[in-house]
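Visitor: Sharing a structure, written as structure tokens. Questions coming.
There are 2 protein chains.
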Amino acid sequence: MEHPENSEAYKGLVVNKGIEQPSSVNPYLKRKPKKRLLSAAEFVEGIVKGDITILSQAVTLVESVKPDHQVIAQEVIEKCLPYSGDSIRIGISGVPGAGKSTSIDVFGLHVLEKGGKLAVLAIDPSSERSKGSILGDKTRMEQLAVHPNSFIRPSPSAGSLGGVARKTRETIILCEAAGFNKIFVETVGVGQSEIAVHSMVDFFLLIQLAGTGDELQGIKRGIMEMADGIVINKADGDNLERAKLAATQFRNALHLFPLPDSGWAPKVMTYSGFYNIGVKEVWDMVYEYIDFVKDNGYFEYRRNEQSKFWMYESINEQLRDSFYNNPQVEALLREREQQVLQGNLTSFVAAKSLLDTYFEDLKK
Amino acid sequence: MEHPENSEAYKGLVVNKGIEQPSSVNPYLKRKPKKRLLSAAEFVEGIVKGDITILSQAVTLVESVKPDHQVIAQEVIEKCLPYSGDSIRIGISGVPGAGKSTSIDVFGLHVLEKGGKLAVLAIDPSSERSKGSILGDKTRMEQLAVHPNSFIRPSPSAGSLGGVARKTRETIILCEAAGFNKIFVETVGVGQSEIAVHSMVDFFLLIQLAGTGDELQGIKRGIMEMADGIVINKADGDNLERAKLAATQFRNALHLFPLPDSGWAPKVMTYSGFYNIGVKEVWDMVYEYIDFVKDNGYFEYRRNEQSKFWMYESINEQLRDSFYNNPQVEALLREREQQVLQGNLTSFVAAKSLLDTYFEDLKK
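Here it is, written out as structure tokens:
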């Protein structure tokens with residue numbers, strides 16, 4: 001609009017009309033209204049239909065830290081529960097460099113040859129720091145990434161291991177409700193996360209490398225004993241003999257351990273992910289195990305134990321959170337710890353004084 | 001006294017004189033009045049002087065479940081803390097039948113040859129049921145039992161593992177304050193108690209037997225990986241070759257594990273407790289380890305970590321006790337667990353509902 005001062009007709013005093021103020025609202029938002037969050041029922045309907053977009057959105061909701069998102073997420077998970085469970089869940093672990101991504105790519109394709117759908121999830125509590133070292137780069141699973149029947153989802157971003165593990169466990173439920181009947185849960189063989197993965201899968205597969213021992217140093221103590229199967233990767237070319245030797249060593253070592261509760265003696269095999277050698281044999285073993293534990297009742301027993309475990313784990317974690325995040329406790333904790341370290345207070349008396357502080361504060 | 005009716009002299013009606021009623025109070029109690037409980041200061045004075053009777057009484061107090069006993073016990077422990085710590089603490093584990101008692105007998109005598117004083121304690125949370133399977137029968141340690149510089153104390157009687165372990169840990173403090181500079185903590189190689197023992201000792205010795213594998217089935221998974229030394233007992237006579245073979249197998253197996261945080265590669269040796277062969281070599285290894293970790297700082301680091309561990313362990317255990325013993329929680333727990341098992345409730349929602357109940361009840 002032309003300013004009145006510029007008008008030919010009027011030369012006198014004017015009161016400026018003012019310029020049009022820019023909108024304080026982003027105009028693009030007007031044209032593209034914020035997508036309405038689906039209702040829990042709509043999520044469930046979409047998931048059960050196998051709608052991958054809705055499944056992805058639901059998983060994002062599960063991973064969200066917003067309380068209102070969590071309310072819907074929990075409702076969705078609960079309504080998906082009756083549709084879940086009909087799957088085999090495989091934990092896959094191995095140190096960085098063991099060739100996990102390549103292996104999961106060929107393992108996944110092999111598993112999908114039989115039909116069905118495969119979800120590949122991950123647990124890596126360090127994923128924020130390492131910017132998605134696990135599954136962050138889908139291109140490392142070239143073939144699975146473009147397969148119509150696969151769903152690949154990186155680890156929920158960092159938080160406590162308990163929190164990350166819970167989200168992955170809940171994502172398993174959603175994936176199963178969406179018809180995914182094979183679940184891979186990947187983790188990196190360097191810590192506590194193996195225990196979490198072990199507590200949510202039916203079979204725990206440990207990928208190892210042949211080596212003089214140095215390569216094995218990356219595997220934390222106790223992990224080998226959780227494995228239902230140990231597979232030595234890169235059993236090809238010049239490395240074949242070394243891989244076979246490593247397999248023998250692992251077999252001998254496993255003989256020193258007692259039989260696991262499943263009654264299944266863990267097997268050791270060699271394969272090559274890169275050259276796709278021995279992959280069928282590895283999976284024949286996994287299927288043999290599943291048949292074995294379904295026959296002897298351990299499969300169902302273990303799933304029940306896992307559900308209970310997660311309930312108690314969740315309780316214990318939240319009890320600890322409530323205590324250690326209590327401001328009164330936080331203010332006193334380091335002091336008490338120092339007194340214990342300096343030998344001025346017994347561990348028990350220090351603990352008791354902190355607990356008294358906590359319970360008194362809760363009553364307020 | 002002859003009954004009057006049987007008397008020759010008198011034939012008529014008689015009123016029985018009546019017999020003397022037994023006292024309703026135990027007469028011995030009158031002569032031996034109940035011993036006055038020592039004050040905390042008197043306990044500490046006696047302990048620091050090395051008075052074994054007073055030490056024993058203090059340990060009994062530590063083991064007592066009476067609240068007023070616990071108050072004194074905690075004061076005694078706290079006052080003994082500055083006198084404690086100057087010792088080496090050795091955990092000794094092995095399945096029943098491995099010859100632990102005989103071994104501890106000869107190990108103890110060997111250790112005492114260097115001078116000093118030895119306390120042999122135990123952790124066996126099942127001790128009430130099995131009526132003191134561990135150390136219950138001191139005669140199994142014939143020589144130590146009568147040695148003037150040894151103090152043998154069976155496992156505190158049954159309770160939660162955490163409770164039993166805490167009492168043993170507190171007993172270590174009292175023993176050290178009484179001048180015991182070598183502490184053995186025995187446990188049976190079949191469960192969680194190894195982890196507790198491992199968290200209160202400087203060196204963890206695992207006694208094994210040569211065998212085809214069947215004998216090894218008694219050792220729970222994960223225990224082998226805690227050992228700083230594995231010693232094969234009964235390496236004598238016909239069994240010598242088998243023991244040597246077993247040692248080789250264990251050595252190979254241990255190579256597959258990463259080096260522990262101590263930087264010490266666990267050693268495997270053979271010996272015969274019964275024939276007292278190789279006992280010196282076993283203890284040379286233990287002393288070598290102690291020198292090694294004192295040099296590299298791990299000894300002190302680990303003791304500090306253990307003190308912190310016990311503070312946090314004590315906190316977590318009491319948090320759990322408070323929750324699971326809450327009547328409102330107890331009334332609801334099975335129901336929620338069943339709902340989880342039947343797939344009607346997610347583990348997380350079940351946990352949350354129980355926690356809400358608990359925290360609401362605490363506020364009352």
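Which chain is which? The protein sequence lines are A and B, in order. With the first letter of the first sequence counted as 1, position 304 gets the number 304 in full-length UniProt numbering; the numbers rise by one all the way through. With the first letter of the second sequence counted as 1, position 328 gets the number 328 in full-length UniProt numbering; the numbers rise by one all the way through. We put the beta carbon where it would ideally sit given N, CA and C, even for glycine.
1) Measuring alpha carbon to alpha carbon, tell me which of 67(B), 122(B), 172(B), 183(B) ends up nearest residue 155(B).
2) In the DSSP assignment, the beta strand (DSSP E) including residue 186(A) goes from what residue to what residue?
3) Using a Cβ-Cβ cutoff of 8 angstroms, what residues of the stretch 66-89 of chain A are near chain B? List them in chain order.
4) Rounded C-beta distance between residue 61(B) and residue 69(B)? I'm assuming under 8 angstroms.
5) Rounded to whole angstroms, what's the CA-CA distance from residue 145(B) to residue 316(B)? Just pull it up for me.
6) Spatial neighbours of residue 111(A) within its chain, please: C-beta separation below 7 angstroms, excluding the five flanking residues on both sides.
7) Which word fits residue 218(A), buried or exposed, when buried means at least 16 other C-beta atoms lie within 10 angstroms of its C-beta?
8) Tell me residue 152(A)'s beta-bridge partners as DSSP assigns them.
9) Quick one: list the residues of chain B neighbouring residue 328(A), beta-carbon separation under 8 angstroms, in chain order.
10) Residues of the stretch 295-321 of chain B in Cβ contact with chain A at a cutoff of 7 angstroms, in chain order, please.
11) Should residue 224(B) be flagged as near chain A, meaning a C-beta pair shorter than 9 angstroms?
12) Report the option in 269(A), 39(A), 245(A), 313(A) whose CA atom is closest to the CA atom of residue 166(A).
13) Report the three-state DSSP secondary structure of residue 205(B) (helix, strand or coil).
14) Once the 5 residues before and after residue 273(A) are set aside, which same chain residues still bring their CB inside 7 angstroms of it?
15) Could you work out which residue in 238(B), 222(B), 241(B), 294(B) is closest to residue 259(A) when comparing CA atoms only?
16) Which chain B residues sit within Cβ distance under 9 angstroms of residue 362(A)?
17) Along chain B, which residues have their Cβ under 7 angstroms away from the Cβ of residue 347(A)?
18) Do residue 354(B) and residue 332(B) have their C-beta atoms closer together than 9 angstroms?
19) Less than 9 angstroms separating the beta-carbons of residue 174(A) and residue 77(A)?
20) Using three-state DSSP, classify residue 276(A) as helix, strand or coil.
21) Run down chain A in chain order and give the residues with a C-beta less than 8 angstroms from the C-beta of residue 337(B).
22) So residue 177(A) and residue 47(A) are in contact, right, with Cβ under 8 angstroms, and what is the actual spacing, rounded?
23) Given that residue 343(B) touches chain A, what residues does it touch there, using C-beta distances under 9 angstroms?
24) Against residue 250(A), what residues of chain B qualify as contacts under a CB-to-CB distance less than 8 angstroms, listed in chain order?
25) In angstroms, rounded to a whole number, what distance separates the CA positions of residue 289(A) and residue 203(A)?
26) Please name the residues in the stretch 163-190 of chain B whose beta-carbon is closer than 9 angstroms to at least one beta-carbon of chain A, in chain order.
27) Once you ignore the five residues that flank residue 265(A) on each side, which residues in its own chain have a CB closer than 7 angstroms to its CB?
28) Closer than 8 angstroms is the cut-off here; do at least three beta carbon pairs connect the stretch 230-249 of chain B with the stretch 194-203 of chain B?
29) So with Cβ pairs under 9 angstroms, would you call residue 59(B) a contact of chain A?
30) Leaving out the 5 sequence neighbours to the left and right, which residues in its chain are closer than 6 angstroms to residue 251(B) when beta-carbon positions are compared?
31) Please report the straight-line C-alpha distance between residue 298(B) and residue 153(B), rounded to a whole angstrom.
32) For residue 205(A) versus residue 90(A), is the C-beta spacing smaller than 9 angstroms?
33) Shorter than 9 angstroms from the beta carbon of residue 350(B) to some beta carbon of chain A?
34) Which residues does DSSP list as the beta-bridge partners of residue 95(A)?
35) Taking the Cβ atom as the reference point for each residue, do residue 93(A) and residue 186(A) lie within a distance shorter than 9 angstroms?
36) For residue 95(A) versus residue 209(A), is the C-beta spacing smaller than 9 angstroms?
Guide: From the atom records:
1) The residue given as residue 155(B) occupies position 155 in the second sequence. Comparing alpha-carbon positions, the option among 67(B), 122(B), 172(B), 183(B) lying closest to residue 155(B) turns out to be 122(B).
2) Mapped onto the first sequence, residue 186(A) falls at position 186. That run of the beta strand (DSSP E) goes 182-188.
3) From the stretch 66-89 of chain A, only 74, 77, 78, 81, 82, 84, 85 have a Cβ closer than 8 angstroms to chain B.
4) Taking the first residue of the second sequence as 1, we reach residue 61(B) at position 61. Taking the first residue of the second sequence as 1, we reach residue 69(B) at position 69. Between residue 69(B) and residue 61(B) the Cβ distance is about 5 angstroms, and since that is below 8 angstroms, they are a contact.
5) Working through the second sequence from its first residue, we reach residue 145(B) at position 145. Working through the second sequence from its first residue, we reach residue 316(B) at position 316. When rounded, the distance between both Cα atoms is 37 angstroms.
6) Position 111 of the first sequence, counting from 1, holds the residue named residue 111(A). For residue 111(A), where only same-chain residues beyond five positions count, the Cβ hits under 7 angstroms are 118, 182, 283.
7) Here residue 218(A) is taken as the residue at index 218 of the first sequence, counted from 1. Confidence at residue 218(A) is low in this model, with a pLDDT of 48, below 50, so the placement of that residue should be treated as unreliable; the coordinate-derived value is given next. The residue in question, residue 218(A), is buried, as its Cβ has 16 or more Cβ neighbours within 10 Å.
8) Along the first sequence, one-based indexing puts residue 152(A) at 152. Looking at the DSSP output, residue 152(A) bridges to 120(A).
9) In the first sequence, the residue the question calls residue 328(A) occupies position 328. None at all; the shortest Cβ gap to chain B is about 14 angstroms.
10) Residues 304, 307, 308, 310, 311, 314, 315, 316, 318, 319, 320.
11) If you number the second sequence from 1, residue 224(B) lands on position 224. With 9 angstroms as the cut-off, residue 224(B) counts as an interface residue toward chain A.
12) Locating residue 166(A) in the first sequence gives position 166, where the first residue counts as 1. Looking at the Cα atoms, 313(A) is the closest of the given residues.
13) Here the question's residue 205(B) lines up with position 205 in the second sequence. In the structure shown, the three-state DSSP call for residue 205(B) is strand.
14) In the first sequence, the residue the question calls residue 273(A) occupies position 273. Excluding residues within five positions, the ones whose Cβ falls inside 7 angstroms are 99, 102, 103, 106, 233.
15) Here residue 259(A) corresponds to residue number 259 of the first sequence, with the count starting at 1. Nearest option by C-alpha distance: 222(B).
16) The residue you call residue 362(A) lines up with position 362 of the first sequence. Here the neighbours are 359, 362, 363.
17) For the purposes of this step, residue 347(A) is taken as the residue at position 347 of the first sequence. Per Cβ cutoff of 7 angstroms: 307, 310, 311, 314.
18) Taking the second sequence and counting its residues from 1, the one referred to as residue 354(B) is at position 354. Taking the second sequence and counting its residues from 1, the one referred to as residue 332(B) is at position 332. Closer than 9 angstroms, so yes.
19) Taking the first sequence and counting its residues from 1, one reaches residue 174(A) at position 174. Taking the first sequence and counting its residues from 1, one reaches residue 77(A) at position 77. Against a cut-off of 9 angstroms, the Cβ pair of residue 77(A) and residue 174(A) comes out as a contact.
20) Indexing the first sequence from 1 puts residue 276(A) at position 276. Residue 276(A): coil per DSSP, three-state reduction.
21) In the second sequence, counting from the first residue as 1, residue 337(B) sits at position 337. Chain order gives the chain A residues near residue 337(B) as 308, 311, where near means a beta carbon separation below 8 angstroms.
22) Taking the first sequence and counting its residues from 1, the one referred to as residue 177(A) is at position 177. Taking the first sequence and counting its residues from 1, the one referred to as residue 47(A) is at position 47. Residue 177(A) to residue 47(A), Cβ: 5 angstroms. Contact.
23) If you number the second sequence from 1, residue 343(B) lands on position 343. Within chain A, the residues near residue 343(B) are 81, 82, 84, 85, 307.
24) Position 250 of the first sequence holds residue 250(A). Near residue 250(A) (Cβ distances below 8 angstroms), the residues of chain B are 256.
25) Numbered from its first residue, the first sequence carries residue 289(A) at position 289. Numbered from its first residue, the first sequence carries residue 203(A) at position 203. So the alpha carbons of these two residues sit roughly 8 angstroms apart.
26) Going along the stretch 163-190 of chain B in chain order, one finds 166, 169, 170, 173 with a Cβ nearer than 9 angstroms to chain A.
27) Walking along the first sequence from the start, residue 265(A) turns up at place 265. Excluding residues within five positions, the ones whose Cβ falls inside 7 angstroms are 259.
28) Result no; under three Cβ-Cβ pairs closer than 8 angstroms.
29) For the purposes of this step, residue 59(B) is taken as the residue at position 59 of the second sequence. It does not; no Cβ of chain A falls within 9 angstroms.
30) As a working note, residue 251(B) is residue 251 in the second sequence. Answer for residue 251(B): 268, listed in chain order.
31) On the second sequence, position 298 is the one that residue 298(B) refers to. On the second sequence, position 153 is the one that residue 153(B) refers to. Distance between the alpha carbons of residue 298(B) and residue 153(B): 29 angstroms.
32) Taking the first sequence and counting its residues from 1, one reaches residue 205(A) at position 205. Taking the first sequence and counting its residues from 1, one reaches residue 90(A) at position 90. In this structure, residue 90(A) lies closer than 9 angstroms to residue 205(A) by Cβ.
33) Here residue 350(B) is taken as the residue at index 350 of the second sequence, counted from 1. Among the CB atoms of chain A, one or more fall inside 9 angstroms of the CB of residue 350(B).
34) Residue 95(A) sits at position 95 when you count from the first residue of the first sequence. Per DSSP, residue 95(A) has no beta bridge partner at all.
35) Numbered from 1 along the first sequence, position 93 holds the residue referred to as residue 93(A). Numbered from 1 along the first sequence, position 186 holds the residue referred to as residue 186(A). Cβ distance < 9 angstroms, so residue 93(A) and residue 186(A) count as in contact.
36) For this step, residue 95(A) is matched to residue 95 along the first sequence. For this step, residue 209(A) is matched to residue 209 along the first sequence. Contact: yes.
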